[in-house]
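Here's the structure we're looking at; comments come further down.
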Amino acid sequence: MAGFYTDKQGRVRPIRGNSGKAAVMAGAVALGVFASGGGAVPLGGSAASSEISAVRAGGSQAQLRARKSEGQKAARRGDPDGAWGRLGLRQLRRTPRQQAECLAASYGQVREFFTRHRCTSLERALFVVADDGGNTAAVSVAWVGLAGSGEARRFRTLIDEHGTGDITPLGAPLLDLAEISYTGLRYGSDRDGRNVTVAEAENATGSGFDHDTLDAIAEVAAHLPRI
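Just so it is clear: in the sequence shown, position 69 is 69 by my numbering, and no numbers are missing.
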């Protein structure tokens, strides 16, 4: 029986056979998430309040949607700490922003799109965020520049559909994380003119964020400005 996922509009959709976004194996932190080195940028951020911790039982879907909306607004203002804080999270670490060549860092129909439409830039980063209960998530963000707003619109429509390929997330060994499989089911995107941002979130080993919380994390991350 096919599984289901919740898309960015909150609609429940079936996963079509094995054609879903291939899981991308990326190393990620378990031990050493607080360690420095390895090219990672340790960051602080305000302590998350247990009252708004998204992983806590008793938080309604309406509350989570409201926190997500506030987080997206903070992200658009260029306030990442405030964005995470709206979800009851704090940012522990991130990699430096890394540039890549679009064809080399993509696969599936997404890669095919880049063979026909000029990609002007691709930058990626990996974030580690946590709540005050010790749950940790790895968040992959990619900022993609296209030649025009029309191409950007078509690219976003394509990559938003589960099963069409992806931008390969940065390998989490950059943060010494334990192995993580990115499913593409906890996903967010945004477009600003010729630029598209895509984000994915997954639990780090041993963490217990539920699907809706991880999806909200990704949808907030998609509104972060280029670091």
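Note that the Cβ used here is the ideal one computed from N, Cα and C, for glycine as well.
Burial state of residue i, where buried means 16 or more other Cβ atoms lie within 10 Å
i: Pro-225; result: exposed
i: Ser-149; result: exposed
i: Arg-93; result: buried
i: Gly-39; result: Because the pLDDT of Gly-39 is 45, which lies under 50, any placement of that residue in the model is unreliable, and the number read from its coordinates should be weighed accordingly. Burial call: exposed.
i: Arg-77; result: exposed
i: Gly-85; result: buried
i: Ser-60; result: exposed
i: Thr-168; result: buried
i: Thr-95; result: buried
Residue i versus residue j - alpha carbon distance
i: Thr-205; j: Thr-197; result: 26 Å
i: Arg-118; j: Leu-103; result: 10 Å
i: Glu-219; j: Ala-100; result: 23 Å
i: Asn-203; j: Thr-136; result: 6 Å
i: Asp-215; j: Arg-116; result: 30 Å
i: Gly-45; j: Pro-80; result: In this predicted model, Gly-45 has a pLDDT of only 40, less than 50, meaning its place in the structure is not dependable; the value taken from the coordinates is given anyway. Cα to Cα, the separation comes out at about 9 Å.
i: Gly-82; j: Gly-71; result: 7 Å
i: Val-181; j: Ala-62; result: The residue you asked about is not Val; residue 181 is Ser in the sequence shown. If I take the Cα positions, the gap works out to 29 Å.
i: Asp-210; j: Arg-154; result: 31 Å
i: Val-110; j: Ala-66; result: 31 Å
i: Ile-159; j: Phe-127; result: 21 Å
i: Glu-161; j: Gly-108; result: 12 Å
i: Phe-114; j: Ser-106; result: 9 Å
i: Gly-163; j: Ala-199; result: 15 Å
i: Ala-75; j: Gly-133; result: 23 Å
i: Ser-207; j: Thr-157; result: 31 Å
i: Asn-195; j: Gln-91; result: 24 Å
Beta-carbon spacing of residue i, residue j below 8 Å
i: Asp-166; j: Gly-184; result: yes
i: Val-141; j: Val-129; result: no
i: Asp-212; j: Leu-64; result: yes
i: Gly-193; j: Ala-152; result: yes
i: Leu-170; j: Gln-98; result: yes
i: Ala-178; j: Ala-201; result: no
Helix, strand or coil at residue i [DSSP, three-state]
i: Ala-30; result: The predicted model places Ala-30 with a pLDDT of 33, which falls under 50 and marks its position as unreliable, so this point remains unresolved.
i: Asp-236; result: In the structure as shown, the chain starts at 1 and stops at 227, and residue 236 therefore has no counterpart that could be examined.
i: Arg-86; result: helix
i: Thr-136; result: strand
i: His-211; result: helix
i: Asp-145; result: The sequence given here has Gly at residue 145, not Asp. Three-state DSSP puts Gly-145 in a strand.
i: His-223; result: coil
i: Ser-69; result: helix
i: Thr-115; result: helix
i: Ala-178; result: coil
i: Gly-188; result: strand
i: Ala-105; result: coil
Proximity test, Cβ basis, 8 Å: residue i and chain C
i: Ser-207; result: Given the protein chain composition of this structure (a single chain), no chain C is represented.
On the three-pair Cβ rule with 8 Å, is the region 142-159 touching the region 105-125?
-> Judged by Cβ distances under 8 Å, the region 142-159 makes contact with the region 105-125, as three or more pairs qualify.
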